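Remarks on the structure that follows.
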Amino acid sequence: MKPQQSDSSEREQPADIFHAVEALNSQLRTIEKFVARRFDEISMEINATAQQVDMAEDGIVRRFKEILEVLGAISYRGDNTSAANSGVELQAVIEDTESAANRILDAADRIVEYVSSSHEKDWDDPKARDELRDRIRNDIQEILLACTFQDLTGQRIRNTLNNLHDIESRISSAFERLGIEVRPEQADVAAKVHKASSQDEIDALLQEMNGGKDAGN
């Protein structure tokens with residue numbers, strides 16, 4: 004009887020091993036399918052992320068191009084290539100103001116010369132006196148005409164302010180789309196305004212317009 008039990012056990016062992024191998028293969032196939040599915044999902048996520056990064060990069064590049072285009076409109080002298088070139092307007096204001104100041108100063112110098120002691124004898128001569136009066140009248144007219152520069156410069160300054168407001172709005176909008184918040188410190192703004200309107204700045208401007216002469220003279 005014992006040998007018969009041994010033969011039965013030996014026959015049962017291969018069957019048990021076969022069932023165990025089948026179960027293991029089934030589990031491995033399940034794991035393989037899970038890994039393959041997760042790999043596909045991860046690949047899709049990576050591709051989607053890469054596309055989003057490319058789109059974000061393109062958006063950033065586009066925004067910075069917009070900012071650079073806007074900044075090009077603030078060129079100091081300008082080259083007339085931008086739609087709103089504040090630099091051209093400001094340069095024209097400076098040139099017109101300098102020209103008007105020189106015309107006014109030159110006319111005033113001539114009037115002072117006409118009424119000075121060097122022309123004292125001419126005022127006693129009726130003909131010379133009439134000539135001096137005509138010259139003074141012409142110089143006064145020159146001063147009045149030179150003062151009209153403020154109409155044109157006022158228009159240009161208003162255009163410049165409008166352009167700068169538009170530039171500020173466009174730059175702020177571009178930064179907002181990039182998620183960047185830029186707010187100047189009020190103390191810094193006040194300091195810059197005070198510096199720009201200081202007496203030294205005014206004296207330097209007057210000295211420059213006066214051809215290098217002392218502004219106080």
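When you read off a place in the sequence shown, starting at 1, and then add 3, the result is the number in the working numbering.
Even glycine gets a Cβ: it sits at the ideal position worked out from N, Cα and C.
The structure displayed is predicted, hence computed values, not measured ones.
Opening and closing residue of the alpha helix (DSSP H) in which residue i lies
i: D125; result: Unbroken run through D125: none, as it is neither H nor E.
CA-to-CA distance, residue j to residue i, given in whole angstroms
i: I97; j: R113; result: 24 Å
i: I20; j: R32; result: 18 Å
i: W126; j: N141; result: 17 Å
i: I49; j: N165; result: 47 Å
i: P122; j: E101; result: The residue you asked about is not Pro; residue 122 is His in the sequence shown. The alpha-carbon atoms of H122 and E101 are separated by roughly 30 Å.
i: D169; j: R136; result: 51 Å
i: E35; j: A23; result: 18 Å
i: D133; j: V118; result: 13 Å
i: A104; j: E116; result: 18 Å
i: L27; j: F37; result: 15 Å
i: M47; j: L167; result: 46 Å
i: R65; j: R40; result: 37 Å
i: S29; j: F42; result: 20 Å
i: A131; j: K124; result: 9 Å
i: E179; j: Q153; result: 38 Å
i: I45; j: E25; result: 30 Å
i: G157; j: S120; result: 40 Å
i: D128; j: L108; result: 28 Å
8 Å contact criterion, which residue i and residue j should meet: CB distance rounded
i: T151; j: L93; result: In fact, because the Cβ distance is near 20 Å, the residues do not count as touching under 8 Å.
i: R159; j: A95; result: 6 Å
i: D99; j: L155; result: 6 Å
Neighbourhood of residue i by C-beta distance below 6 Å, restricted to the same chain and skipping five residues each side
i: S172; result: none
i: I139; result: I114, Y117
Own chain, CB closer than 7 Å to residue i, minus 5 neighbours either side, in chain order
i: R106; result: E145, A149
Contacting residues, own chain, Cβ-Cβ under 8 Å from residue i (five flanking each side not counted)
i: I143; result: A110, I114
Residue-chain proximity (residue i, chain C), Cβ-Cβ < 7 Å
i: L164; result: Protein chain content of the structure displayed is limited to a single chain, and chain C is not contained in it.
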